[in-house]
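Everything on this sheet refers to the single structure shown next.
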């Protein structure tokens, strides 16, 4: 196992430990939670392709300092995984759809916010320390763009792009017709685990 793989495994252990302890509600089951995925958001909204995408909806005040990432390449929308600086893609017919609302926060936070899906809801969460030092007893996470899990039509872990080897991603489709895709290094593991958890009796 490489040091990078060990790092991903460690991040996964933290996610699996912290979310049930600090965010999941009684009677709720974690399906998957992502670690921070740092990179640009690309968005195809109607016929307009934006890279890097900038939020169009309300987002919390956040000071991350100057972005020092290299600019993304001029990639074709369907081959976004060929550019390692692009971590997320939003596809929607208009800016009010769910994938856009989630993408707003992923772009605003430069991927520090994370996508979480449970048996009851889907949302983006920020660690409170991104805004300020948490006070004693203050929640560890702040929640945004929360919707019932019924808004999720389905999720999968397809391969995308023309790279060799191909890149496995997380794809989340919403009932409003929008889609969010994430370059998650543990895409297959997260989706497989989510399906297993979803099939378990409550």
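Residue numbers (the numbering used here): -17 to 184. Heads up, the beta-carbon is just placed ideally off N, CA and C, and yes, glycines get one too. This structure is a prediction, so every number in the text was calculated from the model and none was measured.
Pairwise C-beta distances place the region 24 to 35 out of contact with the region 106 to 119, as fewer than three of them are shorter than 8 Å. The bridge partners DSSP lists for residue 71 are 24, 163. Annotated three-state conformation of residue 63 is helix, per DSSP. At a Cβ-Cβ threshold of 8 Å, residue 24 and residue 62 count as neighbours. Sequence-distant Cβ neighbours of residue 17 in its own chain, meaning closer than 6 Å and more than five residues away, are -7, -3. In the DSSP annotation of this structure, the continuous segment of the beta strand (DSSP E) that includes residue 107 starts and ends at 103 to 109. Excluding residues up to 5 positions away in sequence, 97, 106, 127, 162 lie with their Cβ nearer than 7 Å to the Cβ of residue 84 in the same chain. Residue 95 sits buried, since 16 or more C-beta atoms from the chains shown fall within 10 Å of its C-beta.
In its chain, beyond the 5 residues on either side, 6, 10, 11, 12, 13, 131 have a beta carbon closer than 7 Å to the beta carbon of residue 100. Residue -2 sits in a helix when the DSSP states are folded into three classes. Ranked by how close their Cα comes to the Cα of residue 73, the residues 155, 58, 149 have 155 in first place.
In the three-state scheme derived from DSSP, where H, G and I count as helix and E and B as strand, residue 77 is classed as coil. Between residue 104 and residue 133 the beta-carbon gap is near 6 Å, inside 8 Å, which marks them as a contact.
Residue 22 counts as buried, since no fewer than 16 other beta carbons sit within 10 angstroms of its beta carbon.
The three-state reading of DSSP puts residue -9 in helix, counting H, G and I together.
Judged by DSSP secondary structure, residue 181 falls within the alpha helix (DSSP H) whose first and last residues are 169 to 181. In this model, residue 135 and residue 153 are separated by some 11 Å (Cα to Cα).
Shown here, residue -15 sits in a helix according to DSSP, grouped into three states.
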